[in-house]
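For the sequence shown, counting from 1, position 25 maps to 181 in my numbering; every step adds exactly one.
Glycine residues also receive a C-beta, built at the ideal position from the N, C-alpha and C atoms.
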Amino acid sequence: MNRHDYLWWVVRRIQRLIIINEWITFYYQMQITSMSNWAEHSLTLFIPVNYRK
């Protein structure tokens, strides 16, 4: 394994770790804020309908 292959392997590993880290943080944020997000989305969906009447 020469220097270029090693650097490319390191870059790929870092990219993969960053992607996994982003997915994990995204998943946990969804788990934590799912109820509040659903409440906000339902309010934003239902309020315009109520104002139209």
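Which value, in whole angstroms, describes the spacing of the CA atoms of residue i and residue j?
| i | j | result |
| --- | --- | --- |
| residue 178 | residue 185 | 10 Å |
| residue 169 | residue 187 | 27 Å |
| residue 181 | residue 175 | 10 Å |
| residue 172 | residue 161 | 16 Å |
When every heavy atom of the ligand COA is checked, does at least one fall within less than 8 Å of the C-beta of residue i?
| i | result |
| --- | --- |
| residue 178 | Among the ligands in the structure shown, none appear at all, so the ligand COA cannot be discussed. |
So, at 7 Å on beta carbons, what are the nonlocal neighbours of residue i in its own chain, with the 5 sequence-adjacent residues on each side left out?
| i | result |
| --- | --- |
| residue 167 | none |
| residue 165 | none |
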